[in-house]
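Visitor:
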Amino acid sequence: MTATTALTALSAEAPSLVQSVDWLAIAPVVITAAVGLAVLVADLFLAERHKPVLGWISVAGLAAATATLLPLRAGDRATFCLTGDPAACSYVADRFTIAIQFLVLAGALVTALVSVTAVRDTRMPAGEYWFLLLSSAAGAALLPASRDLATLIVALEVASLPAFALVGMRRGNRLSSEAALKFFLSSVTATAVSLMGVSFVYATTGSLHLTQVADRLEDVPGQLDTLAMAGVALTLVGFAFKTAAVPFHFWVPDTYVGAPLPIAGYLSVIGKAVGFTGLILVTVIAFPAYSDIWGPALAVLAVLTMTLGNAAAVRQSADSPNSAVRLLAWSSVGQAGYLLVPIAAAAYTDRDQIGSTVAYALMYAAVNLGAFSVAALVARTKPQHRISDYRGLYAERPLAALSLAFFLLCLAGLPPGIIGLFAKVTVFRSAVDAGLGWLAVVMAINVVIALYYYLRWTALLFRTPEGAQTRTRAPWPVAAAVVLTAITAVVLSGAPEIILRVTTGSLFAQ
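Encoded structure:
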């Protein structure tokens, strides 16, 4: 046998190490990242007066990335799979991935619309701002498709690192600098803890792919059981931080106040989606063998988070500077508690319970981004961000007031915000079905507490205004963001089965 023949025979027997790439599956992430790089390069050659075009390029890029989700809606694609184990893939575009990617990219699109005016008015560096926003959105879109721990952590950091800079983007603003520093230090610490957890899990299982980790954790040798439990617990810390779950919530109020308002809205929705997505993937797919550990832990976190968030929101004074942003910040902490309930319930029944979290997250994204869009509109004439600034908003801006009232009623779960009520009932039912009656009772009490501050703000919108009203023309990109989120919330309130159809049944590729 000649040397050439021997090499040919050997290569025929050995498995190929070349992985195929499904470009359509990764298109949403690739387009977002590519547009971000294009914006950064274009910024070098554009004159200052032409810099606003970068914002519209970013809006168009996010719209195109969102549109590429349409051919993926079947949710049956995977790529970057191991040649020896085709079931172990690093990137999976299943129904869960598509739902979260839609939330992330559509939410980033709304943020970009609100930012177009904010970047110009506050004179933030346009090229850097849009590059960082698109980079963060690309990382956030990658995370739900990640099916190995390495890709998961990389996606988490790609989504987070640009966000630190975005929070501190307002030059010369002390609150912005402090917020960015607090956000950075606490997030880096949480990520370091998670990386230690991942290393423990890898030492125990010898794999980073979530499906392989799940299989090998089913039969852990006795001497490695403590190491595995420590790895599971530590891995959850970083994602719990991103969800603003108590006691990892302390960065939220100051960060939202110090950040540019569009970025505060972005963090409240996309930042939170990143955390919950990672939490779902590591618990439900990778760590089901240790559900007796993370299930009770997440149930306790849910109680602490919703209770402390709502209690702090109730205490906000209407006349204090930044009280509106702080109320939305603490409200987002309380909402995070509700989002944790179905994940905890999945430990006691089956993983399809997390469909309730996805449904609630989709509702929350639309109405919370809408509330921040209205806040950005009001802040143009009343930059103190006080709740009292919204008194008589109906007399000044009727459509904005009606939209904000609808958003707040959705968050409260009251008619006509049917989608909010539907989402809360779905989450409540997941707790009952899992036998967590005590958790359902605590959630019901917290929903009642939250009614107070949501209704107080709503009533203020229709009271008689104090003093002369300042009427200014609303910038059309901000108005478009308000209208877009309002229409979405109204449509979903009229037909909540749209979300139910998307999130019912198994969201993961089998």
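The working numbering puts the first residue of the sequence shown at 8, with every later residue one more than the last. The beta-carbon is built from N, C-alpha and C at its ideal position, and this holds for glycine as well.
(1) What is the rounded straight-line gap between the Cα of A343 and the Cα of A54?
(2) Tell me, which residues are paired with A85 by DSSP?
(3) For D155, which three-state DSSP category applies?
(4) For D128, count neighbouring C-beta atoms within 10 Å of its own C-beta (all shown protein chains included) and say buried if the count is 16 or more, exposed if not.
(5) What are the partner residues of H392, as DSSP defines its beta bridges?
(6) Quick one: what does DSSP say H256 is sitting in, helix, strand or coil?
(7) Roughly how many angstroms lie between the CA atoms of G146 and V448, to the nearest whole one?
(8) From W445, A457 and I394, pick the residue whose C-alpha is nearest to that of F469; which is it?
(9) On the criterion of 16 or more Cβ atoms from any shown chain inside 10 Å, does K249 qualify as buried, or is it exposed?
(10) Of the choices L140, A451, T118 and R154, whose alpha-carbon is the least far from that of P93?
(11) Which residues in the same chain have their Cβ closer than 6 Å to the Cβ of P269, if we skip the five residues on either side of it in sequence?
(12) Can you give me the Cβ contacts of V200 inside the same chain, cut-off strictly under 7 Å, excluding the 5 residues immediately before and after it?
(13) Is the distance from the Cβ of L369 to the Cβ of T284 below 8 Å?
(14) Per DSSP, which one or two residues make a beta bridge with H216?
(15) On a Cα-Cα basis, can you pick out the residue from L428, S298, F191 and M176 that is closest to G501?
(16) Given S183, which residues of its chain have a CB within under 6 Å of its CB, disregarding the five upstream and five downstream residues?
(17) Below 8 Å on the Cβ atoms is my contact criterion, and I expect G62 with A133 to pass it. Report the Cβ-Cβ distance as a whole number of Å.
(18) By Cβ distance below 6 Å, which residues in the same chain neighbour M8 in space, the five residues on each side in sequence not counted?
(19) Let's test the definition: count the other Cβ atoms within 10 Å of the Cβ of D232 and tell me whether it reaches 16, buried, or not, exposed.
(20) According to DSSP, is V28 part of a helix, a strand, or is it coil?
(21) Please classify T471: is it buried, with 16 or more other beta-carbons within 10 angstroms of its beta-carbon, or exposed?
(22) Could you check how far apart the C-beta atoms of W464 and Y371 are, in whole angstroms? I think they sit under 8 Å.
(23) Report the three-state DSSP secondary structure of A354 (helix, strand or coil).
(24) Judging by CA-CA distance, which residue of G377, Y461 and G213 is the nearest neighbour of I494?
(25) H216 CB to nearest chain C CB: under 8 Å?
(26) For A21 and L159, I'd like the C-alpha separation in whole angstroms.
(27) Hey, is the stretch 217–233 in contact with the stretch 317–335, meaning 3+ C-beta pairs nearer than 8 Å?
(28) Quick one: which unbroken beta strand (DSSP E) runs of 3-plus residues sit fully inside the stretch 258–303? Chain order, please.
(29) Quick one: what does DSSP say R322 is sitting in, helix, strand or coil?
(30) Counting pairs of beta carbons, one from the stretch 292–309 and one from the stretch 348–359, are three or more of them closer than 8 Å?
(31) Between which two residues does the alpha helix (DSSP H) holding L141 run?
(32) Does the Cβ of R333 lie closer than 7 Å to at least one heavy atom of the ligand SAH?
(33) Using the beta-carbon count (16 or more within 10 Å), is P405 buried or exposed?
(34) Which word fits L215, buried or exposed, when buried means at least 16 other C-beta atoms lie within 10 angstroms of its C-beta?
(35) Would DSSP call P422 helix, strand or coil?
(36) Please name the residue in A293, V497, A251 and F294 whose C-alpha comes closest to that of G561.
Guide: Concretely, from the data shown:
(1) 43 Å
(2) V99
(3) strand
(4) exposed
(5) Partner(s): none; H392 has no beta bridge.
(6) coil
(7) 37 Å
(8) I394
(9) buried
(10) R154
(11) T118, V121, S122 and A125
(12) L241, V244 and G245
(13) no
(14) D155
(15) L428
(16) G175, R177 and G265
(17) 7 Å
(18) In this predicted model, M8 has a pLDDT of only 48, less than 50, meaning its place in the structure is not dependable; the value taken from the coordinates is given anyway. Answer for M8: no residue qualifies.
(19) exposed
(20) coil
(21) exposed
(22) W464 to Y371, Cβ: 17 Å. No contact.
(23) coil
(24) G377
(25) No chain C is part of this structure, which consists of one protein chain only.
(26) For A21, the pLDDT reaches just 46, beneath the cut-off of 50, and the residue's location in the model is therefore unreliable, although a value from the coordinates is still provided. Cα-Cα distance, rounded: 30 Å.
(27) no
(28) none
(29) coil
(30) yes
(31) A133 to L149
(32) This structure does not include the ligand SAH; it has no bound ligands of any sort.
(33) exposed
(34) buried
(35) coil
(36) Within the shown structure, residues of the chain are numbered from 8 to 517, placing residue 561 beyond reach of any answer.
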